[in-house]
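Asker: Heads up: the sequence shown at position 292 corresponds to 291 in numbering that gives the first Met the number 0, and the numbers run straight through without jumps.
We put the CB at the ideal spot given by N, CA and C, even for glycine.
Quantities reported herein were computed from a predicted structural model and do not represent experimental measurements.
Got a structure for you, written out below as C-alpha cells; questions coming shortly.
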Amino acid sequence: MSVEKEVQTYYPPKILVVDDEARIREACRQVLEESGYEVSLAEGGEEAIRAVSSTHYDIVLLDLMMPEMSGFEVLSRIRTLDAGTVVIVITGYATLEHSVEAMKKGAFDFIPKPFTPEHLRVTVGKAIEYTRALWDIADTRSRLRTMVNHISDGVMCTNQEHRVALANPAFLRMVGCPAPSVIGWHMDEVFRIPRIKEMVEEALKLKGSEGAELSDEIIINGGRRPEETIIQVRCAPFRDPNGRTLGVITVLHDITTLKKMDRMKSQFVATVNHEIQSPLHTIQTQIQILLDGLAGELTEKQAAILGRVSQKIKSLSAMAAELLDLAKIESGLISFEREAVDMAVVIREQAAFHRPRAEEQHLRIELEVPETLPPVWANRRNMEAVMANLITNAIKYSPDGGWIRISAAVEEGYVGIHVQDTGIGIAPEDQAKIFQQFYRVKNEKTRFIEGTGLGLAIVKRIVEAHEGRIQVESRPGEGSTFILYLPLMTP
0 MSVEKEVQTY
10 YPPKILVVDD
20 EARIREACRQ
30 VLEESGYEVS
40 LAEGGEEAIR
50 AVSSTHYDIV
60 LLDLMMPEMS
70 GFEVLSRIRT
80 LDAGTVVIVI
90 TGYATLEHSV
100 EAMKKGAFDF
110 IPKPFTPEHL
120 RVTVGKAIEY
130 TRALWDIADT
140 RSRLRTMVNH
150 ISDGVMCTNQ
160 EHRVALANPA
170 FLRMVGCPAP
180 SVIGWHMDEV
190 FRIPRIKEMV
200 EEALKLKGSE
210 GAELSDEIII
220 NGGRRPEETI
230 IQVRCAPFRD
240 PNGRTLGVIT
250 VLHDITTLKK
260 MDRMKSQFVA
270 TVNHEIQSPL
280 HTIQTQIQIL
290 LDGLAGELTE
300 KQAAILGRVS
310 QKIKSLSAMA
320 AELLDLAKIE
330 SGLISFEREA
340 VDMAVVIREQ
350 AAFHRPRAEE
360 QHLRIELEVP
370 ETLPPVWANR
380 RNMEAVMANL
390 ITNAIKYSPD
400 GGWIRISAAV
410 EEGYVGIHVQ
420 DTGIGIAPED
430 QAKIFQQFYR
440 VKNEKTRFIE
450 GTGLGLAIVK
460 RIVEAHEGRI
470 QVESRPGEGS
480 TFILYLPLMT
490 P
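Following this line, the structure appears as C-alpha cells:
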C-alpha cells in the first residue's frame with residue numbers, strides 16, 4: 000500500500016443509518032461494522048439532522064418513508080448542512096419517480112427494500128470509493144493552491160476569452176495589481192503590460208507538441224516598485240486530452256538580482272584582467288628593453304636569465320588569459336553570439352596558421368576535410384579557439400618527424416571532427432581527468448612541455464555550451480585522437 004493511500008484511510012469511514020425500523024437499523028449496523036466501518040444510528044429525521052449538525056459523516060443511509068419527517072426533506076437538509084456527505088437512499092417504495100427525485104436532490108445511489116447484506120456492502124463500497132476520489136481531488140487542489148500561492152514566481156492561468164482562472168499573490172505583486180483576488184477578471188483589468196498581453200494571445204495560437212511555449216524578458220517600471228524590475232515571462236498553452244487548447248499559463252520570474260550579479264561579474268572580470276595583465280605587460284616591456292641592450296650591454300649569463308624570465312612572464316600572461324576565459328564561460332559572460340559556421344573553413348584556416356610551427360618540429364599537418372561542410376550554429380571565434388587549442392596540443396606533444404591528421408565529416412546530425420597525432424599518448428587513468436581544470440599529465444616525457452592545464456577544460460566547456468561533446472582515444476606511445484561533435488544547424 001502506498002504512503003498516500005495510508006494517509007487517506009488511516010481512520011474508518013463514519014456511516015449514519017437513518018430508519019424508523021429498528022430491525023433495519025440493527026441489521027445495517029451489523030453488516031457495516033463487520034466490514035470495518037464506524038456506524039451510528041438515528042430513528043428519525045430530526046435526530047439525523049442533529050447528528051449531521053454536530054458530526055461529519057462520510058455516508059448517510061437514509062430511509063425515504065418515515066412518519067416524523069419525509070426522507071426527501073431530510074436529504075435536502077443534509078445536503079445543506081454538509082455537502083461532503085454522500086447520501087444513499089433506502090426504501091420499500093422503489094419507484095422510478097422516487098429514484099429520479101432522490102437523485103435530483105443529491106442522493107448518490109438507491110437501495111430498494113428488501114436488500115441483501117452483499118448488496119448493502121457493494122453499494123456502500125462504491126460510495127466509499129467515490130468519497131475517497133473526492134478527497135483526492137480536494138487534497139490535490141488544496142496542495143496545488145498552497146504551492147502556487149507560496150512560490151516566488153508569478154503564475155496566472157487564463158481561458159480562451161482571456162479571463163483569469165488563477166492568479167497567485169506573486170503575479171499580482173509583480174504586475175502591480177492591488178486586488179486580493181482577480182478570478183473571473185479579464186486580463187486587461189488585471190495589468191496593462193502590452194508585451195505580456197501579446198504573449199498570452201500568441202500562446203493561444205501555438206500549435207505543435209507538448210512543451211511549446213513563448214519566452215521573453217521585459218522591464219517593468221513604476222507601480223509599487225521603486226526600481227525597475229527585469230522579468231522573464233513564459234507563456235504556454237494548456238490543452239484537454241483531445242489536444243484542444245483551453246487557455247494559457249503565464250509564469251513570471253524576477254531575474255533582476257541575477258542581471259545585477261551578471262553585471263557585477265562582468266565588472267569583476269574586467270577589473271581582474273586589467274589588474275593582472277597591465278603589470279605583466281609592463282614587466283615584459285622592461286625586460287625586452289634590457290634584452291635589446293637599450294639600458295646597457297648584458298653579459299651572456301644575464302641575457303640567458305632575462306630570457307627565461309621573459310618566457311615565464313609570457314606563460315603567466317597566457318595562464319591569466321585562460322583563467323579569465325574560463326571564468327567568463329562558467330559565469331555566462333563569454334560571448335556566444337552565433338552564426339552559421341562552416342567548420343571546413345575554420346579547420347583549414349587554423350591548420351594553415353599553425354603549419355609553420357609544426358614544420359619547425361618536422362611535423363606534417365594532413366587534412367581530410369571536404370571543401371565545405373553543412374553549417375553548425377556556433378560562435379566563430381569560439382570554434383577557432385577550440386581548433387587552435389587541439390592543434391597546438393597535438394604539436395606540443397608530438398615528437399619530431401611525426402604527423403597530425405585532421406578529418407571532418409557529417410555523422411548522424413553532427414559534424415564530427417577528428418584531430419589525430421603520433422604523439423606520446425595518454426594513459427587510461429589520465430584520460431578520465433584530461434578535461435579537468437589545471438590537470439596535466441605528469442611523466443618524464445611531459446615534464447619539460449609548457450602548459451597551464453586549462454586549455455582542454457576551456458575547450459570542453461565551449462563545446463558543451465554549443466550542445467556538442469568531446470572525447471579522447473589514446474594509447475601511451477601510439478598517439479591520441481581528440482573527437483569533437485558539433486550539432487548541425489537546424490533549418
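Going by DSSP, what residue range makes up the alpha helix (DSSP H) through P12?
Answerer: Element bounds for P12: n/a, residue is neither H nor E.
Asker: Below 8 Å, how does it come out for the region 460 to 473 and the region 390 to 404: are there three or more Cβ pairs, yes or no?
Answerer: With a cut-off of 8 Å, the region 390 to 404 and the region 460 to 473 do not count as touching, because too few Cβ pairs lie within range.
Asker: Counting pairs of beta carbons, one from the region 136 to 144 and one from the region 100 to 112, are three or more of them closer than 8 Å?
Answerer: The region 136 to 144 vs the region 100 to 112: no contact.
Asker: Counting C-beta neighbours from all protein chains within 10 Å, is the total for S479 16 or more, i.e. buried, or is it exposed?
Answerer: By the neighbour-count rule (16 or more Cβ atoms within 10 Å), S479 is buried.
Asker: So, at 6 Å on beta carbons, what are the nonlocal neighbours of P11 in its own chain, with the 5 sequence-adjacent residues on each side left out?
Answerer: Only G35, Y36, E37 meet the Cβ criterion.
Asker: Excluding the 5 residues preceding and the 5 following I433 in the sequence, name in chain order all residues of the same chain whose CB lies nearer than 8 Å to its CB.
Answerer: Around I433: I425, V440, L455, V471.
Asker: Measuring alpha carbon to alpha carbon, tell me which of A339, S397, F352, I390 ends up nearest V414.
Answerer: The candidate whose alpha carbon is nearest that of V414 is A339.
Asker: Around the Cβ of D420, are there at least 16 other Cβ atoms within 10 angstroms (buried) or fewer (exposed)?
Answerer: The residue in question, D420, is buried, as its Cβ has 16 or more Cβ neighbours within 10 Å.
Asker: With burial defined as no fewer than 16 other Cβ atoms inside 10 Å of the residue's Cβ, what is the status of L61: buried or exposed?
Answerer: L61 should be labelled buried.
Asker: In its own chain, which residues sit with a C-beta less than 6 Å from the C-beta of I14, not counting the 5 before and 5 after it?
Answerer: Excluding positions up to five away in sequence, the list reads L31, Y36, V38, I58.
Asker: Enumerate in chain order the residues of its own chain whose CB-to-CB distance from L119 is below 6 Å, with the five nearest sequence positions on each side excluded.
Answerer: Here the set comprises V30.
Asker: Would you report the Cα separation of A166 and G83, rounded to the nearest angstrom?
Answerer: Taking the straight line from one Cα to the other gives about 27 Å.
Asker: Can you say whether R24 is buried or exposed, counting buried as having 16 or more other CB atoms within 10 angstroms of its CB?
Answerer: Classification of R24: buried, given that the 10 Å Cβ count is 16 or more.
Asker: How many angstroms separate the CA atom of A343 from the CA atom of A357?
Answerer: Approximately 20 Å between the Cα atoms of the pair.
Asker: Just to confirm the assignment, what range does the beta strand (DSSP E) spanning T84 have?
Answerer: T84 -> no beta strand (DSSP E), and no H or E assigned at all.
Asker: So what's G153 in DSSP terms, helix, strand or just coil?
Answerer: Three-state DSSP puts G153 in a strand.
Asker: Given a cut-off of 9 Å on the beta-carbon distance, is the pair M65 and G91 in contact?
Answerer: Cβ atoms of M65 and G91: not closer than 9 Å.
Asker: Hey, would you say L372 sits closer than 9 Å to A408, going by beta carbons?
Answerer: For L372 and A408, yes; Cβs fall inside 9 Å.
Asker: Go through its chain and collect everything with a Cβ distance to A302's Cβ below 8 Å, but skip five positions before and after it.
Answerer: Closer than 8 Å at Cβ, skipping near neighbours: L290.
Asker: For a minimum of 4 consecutive residues, which ranges assigned as the alpha helix (DSSP H) are wholly contained in the region 335 to 392?
Answerer: Qualifying alpha helix (DSSP H) stretches, in chain order: 342 to 359.
Asker: Going by DSSP, which residues form a beta bridge with F237?
Answerer: BP columns for F237 point to G246.
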